[in-house]
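Trainee: I'd like to ask some things about the structure below.
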Amino acid sequence: MATKKILLVDDSKTALMMERSILENRTHYECVTAMDGVEALAKAREEKPDLVLMDVVMPQMNGFETCKKMREQADTREIPIILVTTRSEESYTEAGFASGCNDYITKPINSMELLELLRSYLGE
Amino acid sequence: MTSKAKEDAVKTNGAVTSAFRDFQLEVAQRRLADAVDREDALDAIRDIVTNLLGSEEIALFAVEQDQAILSLFWSFGIDAAQHSTLVAGANPLLRRVIDGEPYVEGADRDRNGDLINFKAFVPIRLGGRTVAVLGIRTLLPQKARFNESDVQLLRFLSREAGKALFSDSDTVQHL
Chain A
391 MATKKILLVD DSKTALMMER SILENRTHYE CVTAMDGVEA LAKAREEKPD LVLMDVVMPQ
451 MNGFETCKKM REQADTREIP IILVTTRSEE SYTEAGFASG CNDYITKPIN SMELLELLRS
511 YLGE
Chain B
16 MTSKAKEDAV KTNGAVTSAF RDFQLEVAQR RLADAVDRED ALDAIRDIVT NLLGSEEIAL
76 FAVEQDQAIL SLFWSFGIDA AQHSTLVAGA NPLLRRVIDG EPYVEGADRD RNGDLINFKA
136 FVPIRLGGRT VAVLGIRTLL PQKARFNESD VQLLRFLSRE AGKALFSDSD TVQHL
């Protein structure tokens, strides 16, 4: 069975390091990273990830806009997208779902919650 | 679920929590070690506190020579004018922090009850003394309180952040 690939997108080095540590140490998923929305769009087309885990607040293009653009492109339209945010308010989550994300997780990341969520999309 | 299955689940959760704590410390260590100057170190601290601890209201106070006043010299997400100084004076909470013991609301409830509206005060130690105090004013709404892993991380910042922020000859008095 092919290894599942996750595209991690965040402008925070700390968040990327943490997500990567959890995934590389506790799962068999392969990780690729991007530090803003523009890079994420390019990496999504190039790497064809099985899932995108993406921060909302980023320079150049935020997570909502990036998510919307991924939904507009044929080759990234079907990729599950989980948005990561510091905000948990309803208006914020609604904006996320309106942009086309599949799910939401809040910072600071809880490792158990993250692993369960990813497994629900990708399996073990 | 059988009792054996429950026991296994508890063990698994415990192992994941313990591993998570190690990841947090390792990431924080790498992040601080990568800082090339003070600005970079401040950015690393902000990044660690926001992403690993869950706060977007952070302040760093210099400890004045007489240790009576803490003066704000960097902040993120707080009203700097409102928090420009903290009077340590005879305040027992701040005295303990200046003496090197972190104050953490939630993990340290008995010692709460002070009038200062911060969730945590972390002494930034260098050369055996407290050169600055990191204040965390609020936590994100989805984060109820600091947990044990957070306390370990705050203690790590207390020990290590000073090395990234100040060289031996460049203490906070020279800012």
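For the protein sequence lines, the chains are A and B, in the order given. Residue numbering for the first sequence is 391 to 514, as defined by my numbering. Residue numbering for the second sequence is 16 to 190, as defined by my numbering. For each residue, glycine too, the CB sits at the ideal point set by N, CA and C.
1. Look up Gly513(A) in the DSSP assignment and say whether it is helix, strand or coil.
2. Mind listing which residues of the stretch 65-86 of chain B have their C-beta closer than 8 Å to chain A's C-betas, in chain order?
3. Looking at the unbroken alpha helix (DSSP H) that takes in Ala95(B), where does it start and where does it end?
4. Within 9 Å (strictly less), CB to CB, does Thr153(B) reach chain A?
5. Take every Cβ of the stretch 101-114 of chain B, pair it with every Cβ of the stretch 428-443 of chain A, and state whether three or more of those distances are shorter than 8 Å.
6. Could you tell me which residues DSSP pairs with Lys433(A) in its beta bridges?
7. Work out the CA separation of Ile84(B) and Thr417(A) for me, nearest whole Å.
8. Based on the DSSP output, what are the partners of Pro138(B) in its beta bridges?
9. Can you grab the Cα-Cα spacing for the pair Ala74(B) / Thr496(A), in whole Å?
10. Leaving out the 5 sequence neighbours to the left and right, which residues in its chain are closer than 7 Å to Pro156(B) when beta-carbon positions are compared?
11. Determine the chain B residues that contact Lys403(A) at a beta-carbon separation under 7 Å, and present them in chain order.
12. One question on the structure: do Phe261(B) and Leu109(B) come within less than 9 Å of each other, judged by their Cβ atoms?
13. For Ser33(B), does the count of other Cβ atoms within 10 angstroms reach 16, so buried, or fall short, so exposed?
14. For Ala485(A), which residues of its own chain have a beta-carbon under 7 Å away from its beta-carbon, when the five flanking residues on both sides are left out?
15. Quick one, which of Leu57(B), Val148(B), Phe161(B) has its alpha-carbon nearest Ser70(B)'s?
16. At what residue ranges does the stretch 29-80 of chain B contain a whole run of the beta strand (DSSP E), taking only runs of 3 or more?
Mentor: Based on what the coordinates show:
1. coil
2. Thr65, Asn66, Leu67, Leu68, Gly69, Glu71
3. Ala95(B) -> no alpha helix (DSSP H), and no H or E assigned at all.
4. no
5. no
6. Answer is none; Lys433(A) lacks a bridge partner.
7. 49 Å
8. Val148(B)
9. 23 Å
10. none
11. Arg46, Asp62
12. Lying before the first or after the last residue shown, residue 261(B) is absent from chain B, which here runs from 16 to 190.
13. exposed
14. Phe454
15. Phe161(B)
16. 73-78
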